[in-house]
Amino acid sequence: MSHSQITNPNLYSLRDVLLLSQLLHTHKIQTLEDLESINRNLFENILHQWKTHVSTQLQCKTIKISTLNQLKELYRKLLEKYKVENTESLANKVYYMRVEELESIIELKRKEFATVLNS
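Here the sequence shown is numbered in the working numbering, starting from 204 and rising by one per residue.
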């Protein structure tokens, strides 16, 4: 997978983006400048948590980001995609989008259940 594919924000689900933004926020990385100045251990810790988190594992998905430059590029593209300025705004926006996504799934499953029940 090429660098541009790995950093394509459209390849990451709302769940992926929400988790990444929460991890960055937890580690007080609020801006691209903060991300550019993190130390190697913190970067590796965040990346490890993102790749091995149960929500990532539930999707049977492999996060391909492996370098700080890739993460910075993805972060920049995510800020652009969601039209936000910082990590907290990204997390908040994606959180509400994820809630809407889950509500839609629940409604669809309700309808499917009702159809099966009534047939």
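Glycine is no exception: its CB is placed at the ideal position from the N, C-alpha and C atoms. All figures in this text were calculated on a predicted structure; none of them were measured in a lab.
Quick one: Cα of residue i to Cα of residue j, how far?
i: L274; j: L311; result: 34 Å
i: L222; j: W253; result: 7 Å
i: N213; j: S322; result: 39 Å
i: S207; j: E306; result: 32 Å
i: S216; j: K314; result: 24 Å
i: L261; j: E304; result: 16 Å
i: Y299; j: L320; result: 31 Å
i: E276; j: F316; result: 42 Å
For the candidate residues the options, whose alpha-carbon lies nearest to that of residue i?
i: N211; options: I266, I308, V297; result: I266
i: E247; options: E315, V287, H230, L320; result: H230
i: R301; options: S224, E239, S207; result: S224
i: S292; options: E304, E303, L305, Y278; result: Y278
i: E236; options: L320, L271, T318; result: L271
Under 6 Å Cβ to Cβ from residue i, same chain only, skipping five residues before and after it: list those, please.
i: R218; result: S258
i: E239; result: none
i: K284; result: P212
Can you list, in chain order, the residues of its chain with a C-beta nearer than 7 Å to that of residue i? Leave out the 5 residues immediately preceding and following it.
i: R289; result: Reading off the sequence shown, one finds Asn at residue 289, where the question assumed Arg. Closer than 7 Å at the Cβ level, and outside the excluded window around N289, lie Q233, T234.
i: V220; result: L281, V297
i: H144; result: Limits of the chain in this structure are 204 at one end and 322 at the other, which puts residue 144 out of reach.
i: H256; result: L222
Here's a check: name, in chain order, each residue in its chain whose Cβ is nearer than 8 Å to the Cβ of residue i, leaving out the five neighbours to either side.
i: L245; result: H230
Write down the C-beta distance between residue i and residue j rounded to the nearest angstrom, noting that I regard them as a contact closer than 8 Å.
i: I209; j: I268; result: 6 Å
i: I249; j: L226; result: 5 Å
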